[in-house]
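*Asks:* The letter at position 44 of the sequence shown is residue 44 when you use UniProt numbering, and the numbering goes up by one with no holes. Handing you a structure now.
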Amino acid sequence: MRVAVIGGGPSGLVTLKYLCEAQHFLGCERVEAVLFEDQTHIGGTFFARAYEDAELVSSKQLTSFSDFRCNIGKDFLAAPEYVEYLHRYCDRFDLWPRIKLNAKVVSVRRGGYRGHVITYQRDGRLLEWRCDAVAVCSGLHVEPNIPDIRGVEHIPRVMHSSQFKARKQFNGCKTVMVVGCGETGADVAYLAATHPDVDRVILCHRDGFHFAPKRNAGPVLLPILGRKPDPAEPGIPIDVSRANLFDTAYVHQILRHNDKLLWTYYHLYIKSLLWLSSGTTAGMDQWFFLTSP
């Protein structure tokens with residue numbers, strides 16, 4: 001059996017690895033898998049669209065693959081460190097012979113009565129590779145999503161976050177508006193706010209936003225006695241400090257017959273946390289015209 005894997009990011013690499021080992025673990029026929037990546041290196045978005053000081057928002061404990069733990073010291077990896085980890089993953093499982101770099105897939109079509117035909121561009125030539133199955137691992141963040149905003153053409157400088165690489169791109173800017181308040185939006189806003197030329201940064205989002213901490217405060221023994229967290233203790237990464245009910249890859253039979261049960265639980269859980277932390281279930285307090293200290 002032949003399988004084409006499109007995309008050399010984390011999902012593509014781990015898919016390639018398990019396809020290569022399928023015969024050993026599942027007792028099936030040998031799988032001939034080839035990964036196609038249009039960039040010069042593996043890593044996907046973490047290589048091609050990373051920017052200055054970019055750091056993963058999930059800890060290495062949660063992000064690293066279960067079959068190859070990350071041994072880099074700090075909890076949160078910078079984008080280049082994560083790409084290095086992916087390189088080590090390819091070394092560990094000998095994936096390089098099955099990876100085609102600078103190979104951009106331009107089309108996938110049916111191969112007559114069976115299978116598929118992959119057409120890819122490499123070294124200025126169009127080549128074909130026939131296979132029985134295709135794993136599309138090209139990710140969600142390759143094509144920029146730019147909203148249609150009236151009058152945006154009159155703004156002197158407009159860029160999508162995929163075009164942003166470094167703080168110096170704000171040279172000469174006095175006011176910067178960041179549309180979107182996800183992880184990337186928060187990072188770009190910080191880089192703009194710390195640029196010496198920028199006087200004002202505006203974060204714009206249609207629903208409001210909340211910047212959650214990466215870590216829980218260090219545990220305190222008997223806080224009722226007035227003990228406080230040690231500022232020298234960095235705290236535990238928040239994504240591994242708790243385990244939510246149903247938060248597992250295993251889908252219980254009850255959930256299979258009631259697809260609303262999980263989200264009902266999440267809804268009640270989040271509303272309860274909001275009430276305990278802010279006194280209302282309407283949502284987190286929003287800061288206007290300034291950021292939280």
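Even for Gly, the Cβ is constructed at its ideal location relative to N, Cα and C.
Mapping DSSP to helix, strand and coil, what is residue 39?
*Replies:* Against the sequence shown, residue 39 aligns to sequence position 39. Here residue 39 sits in coil by DSSP.
*Asks:* For my contact list, residue 46 and residue 83 are in at a C-beta cut-off of 8 Å; report their separation, rounded to the angstrom.
*Replies:* Counted from its first residue, the sequence shown places residue 46 at position 46. Counted from its first residue, the sequence shown places residue 83 at position 83. Right, their Cβ atoms sit about 5 Å apart.
*Asks:* Suppose you measure from the CA of residue 299 to the CA of residue 184; what does that come to, to the nearest Å?
*Replies:* The question about residue 299 has no answer, for the chain in this structure spans 1 to 293.
*Asks:* Measure the alpha-carbon distance for residue 236 versus residue 57 and round it to whole angstroms.
*Replies:* Start at 1 with the first residue of the sequence shown, and residue 236 comes out as number 236. Start at 1 with the first residue of the sequence shown, and residue 57 comes out as number 57. Taking the straight line from one Cα to the other gives about 13 Å.
*Asks:* Less than 7 Å separating the beta-carbons of residue 5 and residue 133?
*Replies:* To locate residue 5, count along the sequence shown from 1; it is residue 5. To locate residue 133, count along the sequence shown from 1; it is residue 133. No, they are not a contact pair.
*Asks:* Sort out for me which residues DSSP pairs residue 237 with in a bridge.
*Replies:* Residue mapping note: residue 237 aligns to position 237 of the sequence shown, counting from 1. Paired residue(s): 215.
*Asks:* What three-state label does DSSP hand residue 168 in the structure shown?
*Replies:* Looking up residue 168 in the sequence shown gives position 168. Here residue 168 sits in helix by DSSP.
*Asks:* Assign residue 144 to one of two classes, buried (16 or more other C-beta atoms within 10 Å of its C-beta) or exposed (fewer than that).
*Replies:* Along the sequence shown, one-based indexing puts residue 144 at 144. So residue 144 ends up on the exposed side.
*Asks:* What is the DSSP secondary structure of residue 158, reduced to helix, strand or coil?
*Replies:* By 1-based counting over the sequence shown, the position of residue 158 is 158. If DSSP states are grouped into helix, strand and coil, residue 158 belongs with coil.
*Asks:* Residue 121 lies in the beta strand (DSSP E); which residues open and close that run?
*Replies:* Taking the sequence shown and counting its residues from 1, the one referred to as residue 121 is at position 121. Its beta strand (DSSP E) spans residues 116–122.
*Asks:* Based on the DSSP output, what are the partners of residue 32 in its beta bridges?
*Replies:* Mapped onto the sequence shown, residue 32 falls at position 32. Answer is 2.
*Asks:* Give me, in chain order, the residues of the same chain whose beta-carbon lies closer than 8 Å to that of residue 29; leave out the 5 immediate sequence neighbours on both sides.
*Replies:* In the sequence shown, the residue the question calls residue 29 occupies position 29. Result list for residue 29: 1, 23, in chain order.
*Asks:* Tell me which same chain residues have a C-beta within less than 8 Å of the C-beta of residue 139, skipping the five on either side of it?
*Replies:* Position 139 of the sequence shown holds residue 139. So the list reads 7, 9, 11, 44, 45, once near-sequence residues are dropped.
*Asks:* What are the start and end residues of each continuous alpha helix (DSSP H) run of 4 or more residues lying completely inside the segment 38–94, in chain order?
*Replies:* Correct list: 45–48, 60–63, 79–92.
*Asks:* Can you list, in chain order, the residues of its chain whose CB lies under 6 Å from that of residue 41, leaving out five sequence neighbours each side?
*Replies:* For this step, residue 41 is matched to residue 41 along the sequence shown. Closer than 6 Å at the Cβ level, and outside the excluded window around residue 41, lie 47.
*Asks:* Taking the DSSP output, what are the residues bridged to residue 133?
*Replies:* As a first step, residue 133 must be located in the sequence shown, where it is residue number 133. Its beta-bridge partners are 3.
*Asks:* By a C-beta neighbour count over all protein chains shown, 10 Å radius and 16 as the cutoff for buried, is residue 95 buried or exposed?
*Replies:* Residue numbering aside, residue 95 sits at position 95 when the sequence shown is read from its first letter. Buried, by the Cβ-count rule.
*Asks:* In whole angstroms, give me the CA-to-CA distance for residue 99 and residue 199.
*Replies:* On the sequence shown, residue 99 is found 99 positions in, with the first residue counted as 1. On the sequence shown, residue 199 is found 199 positions in, with the first residue counted as 1. Straight-line Cα distance between these residues: approximately 47 Å.
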